[in-house]
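Take a look at the structure set out below.
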Amino acid sequence: MSTQADPAQPAEAAGPVRGRVDQAVVTAPHAATAGPVALTTAGLTLGFGTRTILSDVCVDVRRGAVTALIGPTGSGKTTLLRTFNRMNDRVSGYHRKGDVLLDGRSIWHPGVEVMELRRRIGMLFQRPNPFPMSIMENVVAGARAHRLVGKAGMKDVAEKHLTAVGLWGAVKDRLKDSPFRLSGGQQQLLCLARALAVTPEVLLLDEPTSSLDPAATQAIEELVRTLVPDITVIIVTHNLAQALRVADRTIFLNQGRMVENGETRQLFEHPAEEETAHYVAGRFG
Amino acid sequence: MSERAGGRPTGARVASGGHGASGRHGGASRSPEGMWPPVSRRRKAGNLVFWLLCALALALVIAPTLWLAVDIIGKAVGNWQWNVLVTRTDQLQGGLLQPLLGTLVIASGAILIASIVSILTGMYLSEYATGPLRSVLRGAYEVLAGIPSIVLGLVGYVTLVVGLHWGYGLLPAVLVLSVLAIPYITKATESSLAQVPTSYREGADALGLPPSWTMRRIVLKSAVPGIVTGVLIATAIIIGETAPLIYTSNFSDVNPSLAHVTHLAVPSLPYMVYYFSFLAQPIKHANILSADAALVLLVFVLVLILLGRVIVAWSRRHAE
Ligand SMILES: Nc1ncnc2c1ncn2[C@@H]1O[C@H](COP(=O)(O)OP(=O)(O)OP(=O)(O)O)[C@@H](O)[C@H]1O
Ligand SMILES: [Mg+2]
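Residue numbers (my numbering), protein chains in the order written: chain A, 1 to 285; chain B, 1001 to 1320.
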């Protein structure tokens, strides 16, 4: 399944993405693990007001892989994820030390435009949040605003991305309808199609299946596997079985610290840290 | 967010039923029916007294409204002739034509100006202003809402009619009435914008869409029914205002003219209600015209409020 090319990623986009790989390795020498790195956090310490939420987090996220972010409630998973696309920037009392590098370049570099950064780093939320406009407009909203498609190409783009998420058959006769009449799982798939339509390089998923039933969850999980290696995926989950099913690599966060970061099987079966072993074991009973 | 949603004037989606439902659950889950102790006599008497007080209060609100409506309709309908709407007022005789036109022009002008100012203010307060500045600005328009209209009229008289030597006219009337309407529309705008779910804004942010896109395509679109309702209510409120007009437009029997927005007194229906009434004029036909003018205003207000209701109902049906 992972060999299937993602239709969201135009062929020409693959070139520059690969081209940046070496650059990333060169300019991020502190990357602890070998292999192409898409995102790196360097000593990231972050808080709101007087509270510190993340302390000295150093992680590497491999390009073209699925990385799971696990940890107990309140450990800072969502905060870390929202830092990657700078969604925390405007939260009141936010302060930060350290850095996040995308392809070796700071995401806070003055030359980085936040709109463009968010186009490159897409996000899917815990609850599906389609816009109050038709299904078709939902899919193309981002692509239209970023001028990736003109008025004439809208239908094609919508079909391409709805097909990619397996929703085309269900909605092709109701493209003009409100998205709120779709089931929760279908709404989440629609949001995924909307995110894919702006051709992101990285996709952040924050517990994307926590409000969905097992069948819809499976659909999303299978879909996530089809996105790699064209898109780098980071998925927050409380469901350790899900992490095992979809993630190549896993990061374990606890109380705002990065405890362990490694290959998923390795981390679950032979954790290096006592804390990880404890969490993983506790979760499985 | 929730703190801002507090005192919404339009009531659009506020009573969505959540509270009622949770209340019922709370009661049912406490203990089985048979376990409740019998209700004491004292409690029953207390309930009855409270119920009676509520009924009395309701009657106190409804009775004057009904009495007023019946009185106005009774006085006007008996002598009603449709052609008063197109007959010119001539001294104390004739029809309602110029005052009707005057009221329409004054109210439209005032609502136009007030809407532009208020919607921008509401957008600024809800989307951009923060901290103490927001509190100060919000306090300012809430105080404005509390100023009696006759005081606003007097201020208009002192500053515009006399101070700027405009004399009585369309422009001072429009300006003063627009000031009267601003707090209502601003409040409606601000709270309608605050009702727009954060998940829409976050979704748009996460796609890298610019704030202007979010404003145009999501926020304003969701807020429009609430804002329009606010505009209609404000129109209903200012259309019958008399006190500010005494000081600003005064009365005459000319047609309102956009070429003479100052130095030309403009007739209006509310002024006519007062000026042609049996209190002021001992002429039968004038008194009938006064009642007719009151009836027309009443119909305007009812239509505006009904329209507001329809929009709220419609938007609720189309919300999800
Ligand atoms: N805007 C904010 N202001 C203040 N504190 C915040 C803010 N956002 C998050 N926090 C705090 O940061 C900590 C981490 O929150 P975060 O949402 O990242 O946890 P999480 O790991 O995603 O938890 P969960 O698994 O329950 O979703 C929590 O203690 C939370 O209260
Ligand atoms: Mg979370």
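Just so it is clear, CB atoms sit at the ideal spot from N, CA and C, and this is done for glycine as well.
Got a sec, what are the start and stop residues for the alpha helix (DSSP H) residue i sits in?
i, result
"S1149 of chain B", "1149-1156"
"E221 of chain A", "214-227"
"T41 of chain A", "T41 of chain A -> not in any alpha helix (DSSP H); beta strand (DSSP E) instead, spanning 37-48."
"F268 of chain A", "264-269"
"A1280 of chain B", "Here A1280 of chain B belongs to no alpha helix (DSSP H), and DSSP marks it neither H nor E."
"A1234 of chain B", "1220-1239"
"V171 of chain A", "168-171"
"L1269 of chain B", "1269-1275"
"N138 of chain A", "135-145"
"G1109 of chain B", "1097-1123"
"L1160 of chain B", "Per DSSP, L1160 of chain B belongs to no alpha helix (DSSP H) and is neither H nor E."
"D206 of chain A", "Here D206 of chain A belongs to no alpha helix (DSSP H); instead the beta strand (DSSP E) covers 202-206."
"K160 of chain A", "154-164"
"G74 of chain A", "G74 of chain A -> no alpha helix (DSSP H), and no H or E assigned at all."
Starting from residue i, trace the beta strand (DSSP E) both ways and give me its first and last residue.
i, result
"R51 of chain A", "51-62"
"F1050 of chain B", "Looking at the DSSP string, F1050 of chain B is not in any beta strand (DSSP E); the run it does join, the alpha helix (DSSP H), is 1041-1077."
"Y1128 of chain B", "Neither: Y1128 of chain B is in no beta strand (DSSP E) and is coded neither H nor E."
"Q79 of chain A", "The identity of residue 79 of chain A in the sequence shown is Thr, whereas the question assumes Gln. Looking at the DSSP string, T79 of chain A is not in any beta strand (DSSP E); the run it does join, the alpha helix (DSSP H), is 77-84."
"V232 of chain A", "Checking the sequence shown, residue 232 of chain A turns out to be Thr, not Val. T232 of chain A -> beta strand (DSSP E) spans 232-236."
"L1175 of chain B", "No beta strand (DSSP E) contains L1175 of chain B, which is instead part of the alpha helix (DSSP H) from 1170-1195."
"T67 of chain A", "66-70"
"G122 of chain A", "121-124"
Since I believe residue j is in contact with residue i (beta carbons under 8 Å), could you give me their beta-carbon distance rounded to a whole number of angstroms?
i, j, result
"G76 of chain A", "G256 of chain A", "4 Å"
"A1169 of chain B", "A1265 of chain B", "In the sequence as presented, Ala is not what sits at residue 1169 of chain B; that position holds Gly. Right, the Cβ-Cβ distance comes to about 7 Å (below 8 Å), so this counts as a contact."
"T286 of chain A", "T67 of chain A", "There is simply no residue 286 of chain A to check, as chain A begins at 1 and stops at 285 in what is shown."
"D248 of chain A", "A38 of chain A", "Contact flag wrong, Cβ pair sits at about 13 Å."
"A1259 of chain B", "S1178 of chain B", "That pair is no contact at about 20 Å."
"S134 of chain A", "D173 of chain A", "Rounded, the Cβ-Cβ distance is 13 Å, inconsistent with contact."
"Y1200 of chain B", "F125 of chain A", "Wrong, their Cβ atoms sit about 11 Å apart, outside the cutoff."
"I1106 of chain B", "S1249 of chain B", "6 Å"
"L1085 of chain B", "G1095 of chain B", "7 Å"
"N85 of chain A", "R127 of chain A", "Not confirmed; about 18 Å, so no contact."
"V1196 of chain B", "A1223 of chain B", "6 Å"
Compare the C-beta of residue i against all C-beta atoms of chain B and say whether one is closer than 9 Å.
i, result
"H161 of chain A", "no"
"G122 of chain A", "yes"
"R174 of chain A", "no"
"N88 of chain A", "no"
"M115 of chain A", "yes"
"F48 of chain A", "no"
"V224 of chain A", "no"
"T27 of chain A", "Only weak support exists for where T27 of chain A lies, its pLDDT of 33 falling under 50; the value from the coordinates is given anyway. Output row for T27 of chain A: interface = no."
"R245 of chain A", "no"
"A193 of chain A", "no"
"P208 of chain A", "no"
"V198 of chain A", "yes"
"H278 of chain A", "no"
"M133 of chain A", "yes"
"N129 of chain A", "yes"
"R257 of chain A", "no"
"F125 of chain A", "yes"
"R119 of chain A", "yes"
For a test of your reading of the model: does the CB of residue i fall under 8 Å from any non-hydrogen atom of ligand 4? Yes or no.
i, result
"V236 of chain A", "No copy of ligand 4 occurs in the structure displayed; its ligands are ligand 1 and ligand 2 alone."
When the cut-off is 9 Å and only beta carbons count, does residue i lie next to chain A?
i, result
"A1204 of chain B", "yes"
"Y1200 of chain B", "yes"
"R1217 of chain B", "yes"
"L1207 of chain B", "yes"
"P1210 of chain B", "yes"
"P1132 of chain B", "no"
"K1221 of chain B", "yes"
"W1213 of chain B", "yes"
"P1172 of chain B", "no"
"P1197 of chain B", "yes"
"S1016 of chain B", "Per-residue confidence for S1016 of chain B stands at a pLDDT of 41, beneath the threshold of 50, marking its modelled position as unreliable; no derived number is given."
"I1305 of chain B", "no"
"Y1128 of chain B", "no"
Within the 9 Å Cβ cut-off, does residue i reach chain D?
i, result
"P1225 of chain B", "Annotation note: the requested chain D is absent from the structure, which comprises protein chains A and B."
Just jot down, in chain order, the residues whose CB lies closer than 5 Å to any heavy atom of ligand 1. Proximity to ligand 1 was defined by a C-beta distance below 5 Å to any of its heavy atoms, and the residues meeting it, in sequence along the chain, are A:F48, A:I53, A:T73, A:G74, A:S75, A:G76, A:K77, A:T78, A:T79, A:V91.
In chain order, what residues of the segment 137-153 of chain A put their CB closer than 8 Å to some CB of chain B? Of all residues in the segment 137-153 of chain A, A141, G142, A145, H146 have a Cβ within less than 8 Å of some Cβ in chain B.
In the segment 84-113 of chain A, which residues sit with their C-beta less than 7 Å from some C-beta in chain B, listed in chain order? Within the segment 84-113 of chain A, the residues whose Cβ lies closer than 7 Å to any Cβ of chain B are, in chain order, N85, M87.
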